[in-house]
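Taking numbering that gives the first Met the number 0, the leading residue of the sequence shown gets 0, the next gets one more, and so forth.
Glycine residues also receive a C-beta, built at the ideal position from the N, C-alpha and C atoms.
Scroll down for the structure; my scribbles are underneath it.
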Amino acid sequence: MKTTTQIAKVALNFEEMDVDQLLTEADGTVTGLTGSTTFTVLAIPLATITSETAALRATATQISAGNKSVTLTRQQAQQANTLMRSLVANGHSVEDTANRVAAGNLTVAEGLITSTGYKLAKAKTPHKRTFEVVKTGTGWAHVRAAKARKGNEGHIWRYGITTAKNVAPVTLITRFNLEADIVLTDLASNVIIGIQHASVLPVGRKTGTTPATGGGIITAIPASTAKHSVFSNAASDPYTWTDFIYTVIP
């Protein structure tokens, strides 16, 4: 006879947080787990979490004070990545222990998790493809976007290193492909990159336009009577780009 047990899940979306949020989350888990008689075995000792948090906070303080050197910015990215990995590791420990102790009681498991300073993962809903970073590894990032329309289309990606999330890169590298996914490799480690995307559809036989789209917004590029795309030299950029998304490269 098959039985189904509901499992309480820990939210591990630390890569979506900025440095201040990450520090707050780390502080919360240290407070919640200190002295716990339930969560006595953790993947990463609390002393290590405390040390990593202090190091990142010191670097962030220097950057906030105006020292935004490339060396310090990369150091912050590396420290943030290290702390994120530690929080994820302990998150798995907390999740496993809470569900084991609760023995199938979802309410008890969720209460145990929230007592540690970790947050509960939101219930999963069917994934809708959007412009997002799917996964990162040492020197690489897998990025994907929603298709503009059903059928063939071209995809334009541009990206560059930046000093912090929500700060657009100054220098951009552009890549083109025919798939709504791209894997960027040979990237520098311990840096933050910003990425944008736009899609280009073939010239429409009926409309006589070549739409370029990003984030669901379509911009029409006039086409000649011969159905060739026409680009005005006076236009600085004919494409409609998404907003930048940012990720830390391990």
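Excluding residues up to 5 positions away in sequence, Thr52 lie with their Cβ nearer than 7 Å to the Cβ of aspartate 26 in the same chain.
Inter-segment contact for the segment 158 to 174 and the segment 42 to 61 is absent: fewer than three beta-carbon pairs are separated by less than 8 Å. Alanine 145 is positioned such that its CB atom lies no closer than 8 Å to that of threonine 135.
Between the segment 230 to 237 and the segment 181 to 190 there are fewer than three C-beta pairs closer than 8 Å, too few to call the two in contact. Between the segment 79 to 95 and the segment 33 to 50 there are three or more inter-stretch CB-CB distances shorter than 8 Å, so the stretches are counted as touching.
The segment 14 to 31 makes contact with the segment 54 to 70: 3 or more CB pairs, one atom from each, lie closer than 8 Å. Take methionine 83, set aside five residues on each side of it, and the residues of its chain with a beta-carbon closer than 6 Å to its own are Phe13, in chain order. The residues Phe175, Ala197, in chain order, have a CB closer than 6 Å to that of isoleucine 155 in the same chain once the five nearest residues on each side in sequence are set aside. Straight-line spacing of the CA atoms in isoleucine 62 and alanine 88 works out to 27 Å.
Residue nearest to methionine 16 within the set Arg157, Asn80, Ala140 is Asn80 (criterion: CA-CA distance). Excluding its 5 nearest sequence neighbours in each direction, leucine 11 has C-beta neighbours in its own chain below 6 Å: Val87, Gly90, listed in chain order.
Pairing alanine 101 with threonine 113, the inter-Cα distance amounts to about 13 Å. In the three-state scheme derived from DSSP, where H, G and I count as helix and E and B as strand, phenylalanine 13 is classed as helix. Relative to the Cα of glycine 110, the nearest Cα in the group Ala147, Asn66, Gly31, Gly159 belongs to Gly31. Judged by beta-carbon spacing, isoleucine 192 lies within the 8 Å limit of glycine 159, meaning their Cβ atoms are closer than that value. Linking glycine 65 to arginine 148 through their CA atoms gives a straight-line distance of about 45 Å.
Tryptophan 156 is bridged by DSSP to Arg174, His196. Proximity to histidine 141 across Ile172, Ile181, Thr170, Val107 peaks at Ile181, based on C-alpha coordinates. The beta strand (DSSP E) runs lying completely inside the segment 68 to 142 and spanning 3 residues or more are 131 to 136, given in chain order. Comparing alpha-carbon positions, the option among Leu45, Ala59, Gly34, Ala7 lying closest to aspartate 19 turns out to be Ala59. Valine 182 is bridged by DSSP to His141.
Distances from the alpha-carbon of lysine 118 to those of Ala7, Thr239, Thr241 put Ala7 closest. When secondary structure is reduced to three states using DSSP, threonine 30 falls in the helix class. Shown here for leucine 177: same chain residues with a beta carbon closer than 8 Å to its own, the five before and five after excluded, namely Asn151, Glu152, Gly153, His154 in chain order. Annotation: isoleucine 43 to glutamine 75 spans about 20 Å, alpha carbon to alpha carbon.
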